[in-house]
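Trainee:
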Amino acid sequence: MKGQGRFAGYNLASLRKDLLSGTIVGVVAIPLGMAFAIASGVKPEYGIYTTIVAGILISLLGGSKFQIGGPTGAFIPILFAIGMQYGLENLLIAGMMAGVILVLMGLLRLGVLIQFIPKPVTIGFTSGIAVIIFTGQIGNFLGLEGMERHEYFVDNMKEIGARLSTVNPYAIITAGICLAVILLGKRYAPKVPGSLVGLVLASVIAALLFKDGVTTIGSAYGDIPSTLPSFRMPGITWEKLGSLLRPAFVIAMLGAIESLLSAVVADGMAGTRHNSNRELIGQGIANIAAPLFGGIPATGAIARTATNIRSGAASPMSGIIHGVVVLLILLLCAPYASSIPLAAMAPILMVVAWNMSERKEFLHLLKLKTGDSLVLFITFVLTVFADLTVAVEAGLILAVVLFIKRMGQSHLVSKVLPDPASVKVLPHMVSDNHDCPQVAIYDVEGPLFFGAAYRFADTMPSSGPDQAKTVLLRMGKVPLIDTTGEANLAGLVKGLQENGGRLFISGLQPQPLELLKRTGLYDRIGAEQFFDRTGDAIQAALGSVNVSRCRGCRHAAFRECAAFSAKTEPAGRGAFAGRASAAPRKLGGEA
Numbered sequence: 115m116k117g118q119g120r121f122a123g124y125n126l127a128s129l130r131k132d133l134l135s136g137t138i139v140g141v142v143a144i145p146l147g148m149a150f151a152i153a154s155g156v157k158p159e160y161g162i163y164t165t166i167v168a169g170i171l172i173s174l175l176g177g178s179k180f181q182i183g184g185p186t187g188a189f190i191p192i193l194f195a196i197g198m199q200y201g202l203e204n205l206l207i208a209g210m211m212a213g214v215i216l217v218l219m220g221l222l223r224l225g226v227l228i229q230f231i232p233k234p235v236t237i238g239f240t241s242g243i244a245v246i247i248f249t250g251q252i253g254n255f256l257g258l259e260g261m262e263r264h265e266y267f268v269d270n271m272k273e274i275g276a277r278l279s280t281v282n283p284y285a286i287i288t289a290g291i292c293l294a295v296i297l298l299g300k301r302y303a304p305k306v307p308g309s310l311v312g313l314v315l316a317s318v319i320a321a322l323l324f325k326d327g328v329t330t331i332g333s334a335y336g337d338i339p340s341t342l343p344s345f346r347m348p349g350i351t352w353e354k355l356g357s358l359l360r361p362a363f364v365i366a367m368l369g370a371i372e373s374l375l376s377a378v379v380a381d382g383m384a385g386t387r388h389n390s391n392r393e394l395i396g397q398g399i400a401n402i403a404a405p406l407f408g409g410i411p412a413t414g415a416i417a418r419t420a421t422n423i424r425s426g427a428a429s430p431m432s433g434i435i436h437g438v439v440v441l442l443i444l445l446l447c448a449p450y451a452s453s454i455p456l457a458a459m460a461p462i463l464m465v466v467a468w469n470m471s472e473r474k475e476f477l478h479l480l481k482l483k484t485g486d487s488l489v490l491f492i493t494f495v496l497t498v499f500a501d502l503t504v505a506v507e508a509g510l511i512l513a514v515v516l517f518i519k520r521m522g523q524s525h526l527v528s529k530v531l532p533d534p535a536s537v538k539v540l541p542h543m544v545s546d547n548h549d550c551p552q553v554a555i556y557d558v559e560g561p562l563f564f565g566a567a568y569r570f571a572d573t574m575p576s577s578g579p580d581q582a583k584t585v586l587l588r589m590g591k592v593p594l595i596d597t598t599g600e601a602n603l604a605g606l607v608k609g610l611q612e613n614g615g616r617l618f619i620s621g622l623q624p625q626p627l628e629l630l631k632r633t634g635l636y637d638r639i640g641a642e643q644f645f646d647r648t649g650d651a652i653q654a655a656l657g658s659v660n661v662s663r664c665r666g667c668r669h670a671a672f673r674e675c676a677a678f679s680a681k682t683e684p685a686g687r688g689a690f691a692g693r694a695s696a697a698p699r700k701l702g703g704e705a
């Protein structure tokens, strides 16, 4: 937890817990690592290398106590697309560049920014990725022959349709056995690693009953070596760095989102608090190191992290042990892994896709039929039919536009008119038929920024000889002003001053006040024309009114207004009296 060492109070009992949980997670991680690698378009051993190297470093250097790192399903579409377009070596370089970006994000303390990505965007691309993973395994599940993987969803669907005549019943039986074990195990033995049991059982049955009837890892990708690859630096050039910058940035952003989301889930389960910036640094170092040993990009894995916590993990040591367990199994059992049928791995990825689909949240947001529903739908469709990069960019842009529109609509300007009957200051929408010839009072609510400035400008009185010379803005409900809003306010001030008028402001909050001081508009308006209380501002505004003009006011209904009353009645009996302070300040003007 924050403020405590992650190994504080560590003892032998803690080590026993970590040995058990690390072993369980390591066993679970092996089939997932191979499956994710195959689905990403690389050899299965690359997934194992990633699990070992990145998994150990993420647990050792990250900011989450129970985080388990490694290859994940979220990376599959983007890694496959990068591998198809740039090749394996450039995919490794892009992963290293993503690691550097993650480290820089952590050092610059940008971990908190991930929280500002809208939920409809994350659910949209996560659901889209789930669809791509699930449909991408249909060919292996059915044992289709001659299948070619394509970059785009539509092309892959066409490929499946063209190969349906080559369905292999042995592959379906193998896949069905694995799927049944996973589903039954989840219901009746949730603590048993169903994916591993299903994979082993389906592989054994296939080897005994129809050995040559299904495609295996060995027949498709060659034998899995029983050692880690030697250290190798990819051939990095400036030209490659330039061309791979965009895919590297996408890998980094997706890795940051997934890892911090997993850390948040872990916090909720274990009652801990993660350090988001340290987590990004740990993730970055892991992604820099993994490609040097043949590993693909990695991030925090929510399902494996949850398994780690449920298995009783006591510290990050469980994640380190999980990587060591995978290494030992690689050294001892690699030859057997080559006999695993691809059809047995397909259900594992299909179940992963189903679990990560966010289907309940997806349908809930879609049924709302709001702007968030549109963001969700656009992000989902573009993830499936275009690519993840375009989807996230479009989703974020659309979310920002909708946010600006909402904030602009929340900005209200209403004119305040004296009501002699109730002796109150009541807000009404501005109307051409209810304009006081000398004093105009407005309530301004909501942020005065570029998305709302036009509403403010359209509502404010235009300058001219027949317009009110004194304007009071009640701005206690304006939390924010940007430079566009300040420019609109400055335009109002300029128009008033050119026609001999004055602007009074009451209730200005700290951020708007600070901005007006920095831009100099505060001094142009005059410090004596800013008030904390509306009552004081009203009395000051009345002090600048030409009272004799009120006698000829063309609006008979306002003969009892405060300005008129100030000349004919004792102070405090006018319609504005209830809003004035006991000792109002007067700032010049005619008596």
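If you're matching positions, the sequence shown starts at 115 in the working numbering and goes up one per residue. For glycine and all other residues, C-beta sits at the position ideal for the given N, C-alpha and C. Quick caveat: nothing in here was measured; it's all calculated off a predicted structure.
1) With 16 other CB atoms within 10 Å as the buried threshold, where does Pro461 fall?
2) Assuming contact is defined by CB atoms lying nearer than 8 Å, are Gly209 and Pro405 in contact in what I supplied?
3) By how many angstroms is the C-alpha of Phe189 removed from the C-alpha of Thr503?
4) Starting from Asp751, follow its DSSP beta bridges and name the residues at the other end.
5) Quick check on this structure: which residue in Ser453, Leu193, Val607 has the alpha carbon closest to the alpha carbon of Arg360?
6) What does DSSP give as the partner residues of Gly183 in its beta bridges?
7) What span of residues does the beta strand (DSSP E) with Gly382 cover, start to end?
8) Tell me whether Arg569 is buried or exposed, calling it buried when 16 or more other Cβ atoms sit within 10 Å of its Cβ.
9) Starting from the N-terminal side, write out each stretch of the beta strand (DSSP E) that is 3 residues or longer and does not extend beyond the segment 446–475.
10) Grab the span of the beta strand (DSSP E) containing Phe194 for me, first residue to last.
11) Thinking C-alpha only, which one of Ala513, Leu358, Ala571 is nearest Ala604?
12) Less than 8 Å between CB atoms is the rule here; does Ala153 satisfy it with respect to chain B?
13) If we require 4 or more residues per run, which alpha helix (DSSP H) segments fall completely within the segment 211–283?
14) Below 8 Å on the Cβ atoms is my guess for Gln181 versus Thr419; work out the distance and round it to an integer in Å.
15) Would you be able to state if there are at least three C-beta pairs under 8 Å between the segment 252–263 and the segment 424–436?
16) Based on Cα-Cα distance, which residue from Leu355, Ala149, Gly253 lies nearest to Asn204?
17) Report buried or exposed for Met211, applying the criterion of at least 16 other Cβ atoms within 10 angstroms of its Cβ.
18) Let's see if you can read the secondary structure: which residues bound the alpha helix (DSSP H) around Gly409?
19) For Asp557, which beta-bridge partners are listed by DSSP?
20) Rank Gln625, Leu310, Leu512 by C-alpha distance to the C-alpha of Val141 and give the top, closest one.
21) Short of 6 Å in beta carbon distance, which residues of its chain neighbour Ile138, apart from the five on each side in sequence? Order them along the chain.
22) Tell me which same chain residues have a C-beta within less than 6 Å of the C-beta of Ala566, skipping the five on either side of it?
23) Let's test the definition: count the other Cβ atoms within 10 Å of the Cβ of Ala776 and tell me whether it reaches 16, buried, or not, exposed.
24) If you pair each beta-carbon of the segment 488–505 with each one of the segment 212–226, do three or more pairs fall below 8 Å?
25) Using a Cβ-Cβ cut-off of 6 Å (strictly less than) and excluding sequence neighbours within five positions of Ala149, which residues of its own chain qualify?
26) Excluding sequence positions up to five away, which residues of its chain have a Cβ less than 7 Å from the Cβ of Leu133?
27) Taking the CB atoms as reference points, tell me whether Ser85 and Asp501 lie closer together than 8 Å.
28) Figure out for me which residue from Leu456, Gly599, Met589 has the closest Cα to the Cα of Tyr335.
29) Taking 8 Å as the cut-off, decide whether the C-beta atoms of Thr586 and Ile652 are in contact.
30) What did DSSP end up calling Ser738 once you bin it into helix, strand or coil?
31) Pull up the distance between the alpha-carbon of Arg473 and that of Lys233, whole angstroms please.
32) Ala168: which of Thr329, Gly414, Lys131 sits nearest, CA to CA?
33) Considering only C-alpha positions, which residue in the set Ile410, Ala362, Asn422 is nearest to Ala384?
34) Might you give, ordered along the chain, the residues of its own chain that have their beta carbon closer than 7 Å to the beta carbon of Thr186, omitting 5 neighbours on each side?
35) Indicate whether Ser471 and Leu480 have their beta-carbon atoms separated by less than 8 Å.
36) State the Cα-Cα distance for the pair Val281 and Asn254, rounded to the nearest angstrom.
Mentor: Short version:
1) Counting Cβ neighbours within 10 Å, Pro461 comes out buried, since at least 16 surround it.
2) yes
3) Rounded to whole angstroms, Thr503 to Phe189 spans 12 Å at the Cα level.
4) With the chain covering only 115 through 705, there is no way to say anything about residue 751.
5) Leu193
6) Gly414
7) Per DSSP, Gly382 belongs to no beta strand (DSSP E); it is in the alpha helix (DSSP H), 359–384.
8) buried
9) none
10) Taken as a continuous stretch (DSSP letters only), Phe194 belongs to no beta strand (DSSP E), being part of the alpha helix (DSSP H) at 190–200.
11) Ala571
12) You won't find chain B in this structure, because it holds only one protein chain.
13) DSSP runs (the alpha helix (DSSP H)) wholly in the segment 211–283: 233–250, 252–256, 267–276.
14) 6 Å
15) no
16) Leu355
17) buried
18) Where Gly409 is concerned, there is no enclosing alpha helix (DSSP H), given that its DSSP letter is neither H nor E.
19) Ser528, Arg588
20) Leu310
21) Taking C-beta separations shorter than 6 Å and ignoring five residues to either side along the sequence, the partners of Ile138 in its chain run Ser425, following chain order.
22) Gly522, His525
23) Here the chain comprises residues numbered 115 to 705, so residue 776 is not present and cannot be evaluated.
24) no
25) Non-local beta-carbon contacts of Ala149 in its own chain, meaning distances under 6 Å to residues more than five positions away in sequence, involve Met459, Ile462, Leu463 in chain order.
26) Ile435, listed in sequence order.
27) The requested residue 85 is not part of the displayed model; the chain covers only 115 to 705.
28) Leu456
29) Reading off the sequence shown, one finds Leu at residue 586, where the question assumed Thr. Going by C-beta atoms, Leu586 is nearer than 8 Å to Ile652.
30) The structure shown does not extend to residue 738, since the chain is modelled only from 115 through 705, so no value can be given for it.
31) 14 Å
32) Gly414
33) Asn422
34) Phe150, Glu372, Thr413, Ala415
35) no
36) 10 Å
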